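Everything on this sheet refers to the single structure shown next.
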Amino acid sequence: MVNVPVIAIDGPSGAGKGTVSQLVAKRLGWHFLDSGALYRLVAQAAKSHAITLDNVEALETLAAHLDVQFCVTDDDLPVRVILEGEDVSAAIRTEEIGNDASRVAALPGVRAALLERQRAFRVPPGLVADGRDMGTVVFPDAEVKIFLTASAEERAQRRYKQLKEKNPNVIFNDLLKEISERDKRDTERSVAPLRPAADAVIVDTTELTIEQAVERVMAVCEQRLGNLH
Numbered sequence: 031m032v033n034v035p036v037i038a039i040d041g042p043s044g045a046g047k048g049t050v051s052q053l054v055a056k057r058l059g060w061h062f063l064d065s066g067a068l069y070r071l072v073a074q075a076a077k078s079h080a081i082t083l084d085n086v087e088a089l090e091t092l093a094a095h096l097d098v099q100f101c102v103t104d105d106d107l108p109v110r111v112i113l114e115g116e117d118v119s120a121a122i123r124t125e126e127i128g129n130d131a132s133r134v135a136a137l138p139g140v141r142a143a144l145l146e147r148q149r150a151f152r153v154p155p156g157l158v159a160d161g162r163d164m165g166t167v168v169f170p171d172a173e174v175k176i177f178l179t180a181s182a183e184e185r186a187q188r189r190y191k192q193l194k195e196k197n198p199n200v201i202f203n204d205l206l207k208e209i210s211e212r213d214k215r216d217t218e219r220s221v222a223p224l225r226p227a228a229d230a231v232i233v234d235t236t237e238l239t240i241e242q243a244v245e246r247v248m249a250v251c252e253q254r255l256g257n258l259h
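First residue of the sequence shown: 31, per this note's numbering; consecutive thereafter.
Now the structure itself:
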């Protein structure tokens, strides 16, 4: 079997990994996996089917039979996420679903159900995988491992700017508290805690624009994989 190269990009919520990963994938013409969306999709499906987050067995069944498609769009539009035939791209990005997804992701049975599904995205010419345990658990043999990070304050500020347009009543300190709590939960969970792989390159995006972050990641990729253009 021909080895298909993987660029694994991990990091906490708000570090910019989703946008950076998509732009790197589009620049290379590679496939894209938003692994975090899978956990959000399980949370969304649970909500749609009125399944509570303490019903572990039902959540594991949902994860194992998740009907999902990632549709790469043209130009700078984000990837469309289709769940059971419905476009849920916006629905799965709410704070409520994000917090539910973090809880779902801490369940070993759900993670196991989604593991092989994630690996199935590894097809030619290559894959850019965005997540929190891509380089440590899902693709430990990835040729390139990046860990994007940023200060909690900066990540909360980015989220605040995003949400302010839709909800003028959003409170910055509430977002900062939620992000800090999510970080604590993700780094301390017993299964696949959020941490850089031993051979990952850490990129701090606190002071970087998206364009600068993409260039930094591309430089690492070219160093590890050779000339990609």
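Each residue gets a CB set at the ideal place from its N, CA and C atoms; glycine is no exception. The model shown is predicted, which means the values in this text are computed figures rather than measured ones.
| task | Kindly list the residues whose CB is nearer than 8 angstroms to the CB of Ala121, restricted to its own chain and excluding five residues on each side of it in sequence; keep chain order. | result | Gln74 and Ile127
| said: Quick check on the burial criterion: 16 or more other C-beta atoms within 10 angstroms. Buried or exposed for Ala243? | reply: buried
| query | Which one of Gln192, Leu92, Ile201 and Ile209 has the shortest CA to CA distance from Thr179? | reply | Ile209
| field | Cα-Cα separation, Glu184 to Met248 | value | 23 angstroms
| task | Determine, using beta-carbon pairs with one atom in the stretch 191–206 and one in the stretch 72–88, whether at least three such pairs fall under 8 angstroms. | result | no
| Inter-residue spacing [alpha-carbon to alpha-carbon] between Leu92 and Lys56 | 30 angstroms
| field | C-alpha distance - Leu63 paired with Ile176, whole-angstrom precision | value | 15 angstroms
| Exposure of Thr239, with buried meaning 16 or more beta-carbon neighbours within 10 Å | exposed
| Terminal residues of the continuous beta strand (DSSP E) containing Lys175? | Val174 to Thr179
| query | DSSP state of Leu71, grouped into three classes? | reply | helix
| Unbroken alpha helix (DSSP H) run spanning Glu81, endpoints | Reading off the sequence shown, one finds Ile at residue 81, where the question assumed Glu. Where Ile81 is concerned, there is no enclosing alpha helix (DSSP H), given that its DSSP letter is neither H nor E.
| Considering only C-alpha positions, which residue in the set Leu96, Pro138 and Ala67 is nearest to Lys108? | At residue 108 the sequence reads Pro, which differs from the Lys that was named. Pro108 has its Cα closest to that of Ala67, out of Leu96, Pro138 and Ala67.
| Span separating the alpha-carbon of Val167 from that of Cys251 | 20 angstroms
| Alpha carbon to alpha carbon, what distance is there between Val221 and Pro138? | 6 angstroms
| field | Glu90, buried or exposed, once every other Cβ within 10 Å from all chains shown has been counted against 16 | value | buried
| For Glu116 and Pro223, the rounded distance between their alpha carbons | 31 angstroms
| Do the CB positions of Ala38 and Ala159 come within less than 7 angstroms of each other? | yes
| request: Find the nearest neighbour of Glu211 within the set Asp130, Val233, Val153 and His79, judged by alpha-carbon distance. | output: Asp130
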